[in-house]
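Each residue of the sequence shown is one higher than the last, beginning at 0 in numbering that gives the first Met the number 0.
Please read the structure below before turning to the comments.
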Amino acid sequence: MNRLMQRLSSLTHPFLLRHGESINATANSLGGAQARGIRVFVRDGNLEMALAVMDRRMRASGMERLIKSRVDYHLKNSEKKVLAKKKLMLKVRSQELARKLRTILVKKIRGM
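Spelled out as structure tokens, the structure:
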């Protein structure tokens, strides 16, 4: 996330932004496939506050997860195995939860 902030702050130097101008960060400009966007206004030339607000909004919208999920470096095979195992466990856990919820709903519908 810090790398993203540095890139955005270098692109939007505080002297280049006038009062009321905004910083836009979209997934397309960051290499993503979806066209989602976050607009943050710089008030009174306070770029640090605008970047903090943008950071919060990115975390809340899930864009940070999209950025972090992209691997820009080499992963060792052992790391790949650990990540694959974690992903599999999440999938199994969600399937078990869905199965439990389904049985509860069926029992409610049948009136048991």
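Beta carbons: idealized from backbone N, C-alpha and C, even for Gly.
- How long is the line joining the alpha carbons of R98 and E47, rounded to whole angstroms? Walking along the sequence shown from the start, residue 98 turns up at place 99. Walking along the sequence shown from the start, residue 47 turns up at place 48. CA-to-CA, the gap between R98 and E47 works out to about 47 Å.
- Over what stretch of residues does the alpha helix (DSSP H) that includes Q70 continue unbroken? What you label residue 70 is simply residue 71 of the sequence shown in a count that begins at 1. The sequence shown places Val at residue 70, not Gln. Note, V70: premise wrong, no alpha helix (DSSP H); not H, not E.
- Which same chain residues, not among the five before or five after K84, have their C-beta less than 7 Å away from its C-beta? In the sequence shown, counting from the first residue as 1, residue 84 sits at position 85. Around K84: no qualifying Cβ.
- V39: first and last residue of the uninterrupted alpha helix (DSSP H) it sits in: Along the sequence shown, read from residue 1 onward, the residue named residue 39 stands at position 40. No alpha helix (DSSP H) contains V39, which is instead part of the beta strand (DSSP E) from G36 to F40.
- Message: Quick check on the burial criterion: 16 or more other C-beta atoms within 10 angstroms. Buried or exposed for M62?
- Response: Residue numbering aside, residue 62 sits at position 63 when the sequence shown is read from its first letter. Looking at its Cβ environment, which holds 16 or more other Cβ atoms inside 10 Å, M62 is buried.
- Message: Is K80 close to chain C? Criterion is C-beta to C-beta, closer than 8 Å.
- Response: The displayed structure is made up of one protein chain only, and chain C is not part of it.
- Message: Rounded to the nearest angstrom, what separates H73 and N45 at their Cα positions?
- Response: Locating residue 73 in the sequence shown gives position 74, where the first residue counts as 1. Locating residue 45 in the sequence shown gives position 46, where the first residue counts as 1. Rounded to whole angstroms, H73 to N45 spans 38 Å at the Cα level.
- For N116, which of helix, strand or coil comes out of DSSP? Given that the chain is displayed from residue 0 to residue 111, the structure contains no residue 116 and the question cannot be resolved.
- Query: Do F40 and A49 have their C-beta atoms closer together than 8 Å?
  - Reply: Within the sequence shown, numbered from 1, the residue matching residue 40 stands at position 41. Within the sequence shown, numbered from 1, the residue matching residue 49 stands at position 50. Their beta carbons are under 8 Å apart, which means F40 touches A49 by this criterion.
- How is the alpha helix (DSSP H) around K85 delimited, first residue to last? Position 86 of the sequence shown holds residue 85. For K85, the enclosing alpha helix (DSSP H) starts and ends at N76 to R109.
- Query: With distances taken between CB atoms, is the gap from I66 to M53 smaller than 8 Å?
  - Reply: Position 67 of the sequence shown, counting from 1, holds the residue named residue 66. Position 54 of the sequence shown, counting from 1, holds the residue named residue 53. Going by C-beta atoms, I66 is not nearer than 8 Å to M53.
- Task: Express the C-alpha separation of K80 and R58 in angstroms, rounding to a whole number.
- Result: For the purposes of this step, residue 58 is taken as the residue at position 59 of the sequence shown. For the purposes of this step, residue 80 is taken as the residue at position 81 of the sequence shown. Straight-line Cα distance between these residues: approximately 27 Å.
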